[in-house]
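Here my numbering is used: the first residue of the sequence shown is 31, the next is one more, and so on. Below: one structure, written as structure tokens.
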Amino acid sequence: MRITVTYYLDVISSWCFWAEPAWAELKKRYEGKLEFHWKIALLDKTGLPTSVEQEKWFYRRSGTIMRSPFMLSSAWYDPSQSEYLAPNCVAEAAKDLGIADDRVRLALAHAGLHEGKKFGEWEVAAEIAAVAANLDRKELLERALSPVIETRIRADTADFHLLQVTQRPTFVIDTEIGDRAVFSGVARVAPLASAIDSMLDDAEDYAAFAAHFGAPPA
């Protein structure tokens with residue numbers, strides 16, 4: 031049975047940053063058994079801090095909860111921006127240049143959230159990504175600025191909102207029989223793995239039933 035896991039994220043999200051080890055563990059644990067995809071779900075002003083002081087407070091809270099040995103940097107924060115297209119469009123554009131894995135968005139998130147680089151600026155984001163994936167910076171930037179990329183991430187963001195959740199990260203686990211599990215705001219691997227294991231058990235049950243009884247009668 032085909033099972034897919036879709037990870038909705040914003041590159042600038044601190045909780046997505048903290049959730050990355052869980053995502054990596056899922057991909058390792060279920061390699062060859064599941065399909066994994068990530069999509070952009072843009073944060074808007076309702077999900078962004080209103081000041082550097084507020085951002086630092088959020089970072090102290092999340093860093094403490096996740097028991098991080100370091101505090102995230104707020105040096106990237108730009109109060110004039112109501113959304114951060116640059117890092118998200120650059121990460122999405124890298125897919126079109128053959129980089130569909132996690133390395134570009136991870137490099138962007140690390141550079142901005144850990145090192146404090148201004149990854150909300152197009153040139154900065156493109157340079158970070160180009161170095162991380164050995165891509166041509168100019169070509170990557172041109173692709174990131176193209177209308178097709180913004181249209182795509184806004185469509186994915188719209189799909190995210192149809193889930194009627196508000197948090198990034200959100201993980202959606204789907205099976206061919208129509209089962210769906212949605213985890214919004216979860217940053218640890220245990221609940222995700224528990225749901226996946228249950229769905230895999232169901233897949234084996236369906237396969238056993240099909241072997242005994244075949245397709246349903248017409």
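Each residue gets a CB set at the ideal place from its N, CA and C atoms; glycine is no exception.
| Asked | Found |
| --- | --- |
| For ILE129, tell me which candidate among MET96, TRP68, ASP189 and THR94 has the shortest Cα-Cα distance. | TRP68 |
| Would you mind giving the Cβ-Cβ distance between VAL219 and ALA52, rounded to the nearest angstrom? I have them listed as a contact below 8 angstroms. | 4 angstroms |
| Just confirm the distance between the C-beta atoms of GLY150 and SER103, as a whole number of angstroms; I'd bet it's less than 8 angstroms. | Their Cβ separation, rounded to whole angstroms, is 13 angstroms, which puts GLY150 and SER103 out of contact at 8 angstroms. |
| So which of ALA238, GLU113 and ASP231 has the shortest CA-CA distance to THR76? | GLU113 |
| Between CYS46 and LEU72, what straight-line distance do the alpha-carbon atoms span, to the nearest angstrom? | 12 angstroms |
| For ASP204, write down the residues that DSSP places opposite it in a beta bridge. | THR34 and ARG210 |
| Locate the alpha helix (DSSP H) running through ILE183, then write down its first and last residues. | 177 to 192 |
| Going by beta-carbon coordinates alone, are ILE158 and LEU138 separated by less than 8 angstroms? | yes |
| Using the three-state DSSP reduction, which class does GLU65 fall into: helix, strand or coil? | strand |
| Give me, in chain order, the residues of the same chain whose beta-carbon lies closer than 7 angstroms to that of ASP40; leave out the 5 immediate sequence neighbours on both sides. | CYS46, ILE70, ALA71, LEU72, LEU73, ASN118 and ARG198 |
| Measure the Cβ-Cβ separation of GLU122 and ARG182 and say whether it is below 8 angstroms. | yes |
| What is the DSSP secondary structure of LEU39, reduced to helix, strand or coil? | strand |
| What separation, rounded to the nearest whole angstrom, lies between the Cα atoms of PHE190 and PHE213? | 12 angstroms |
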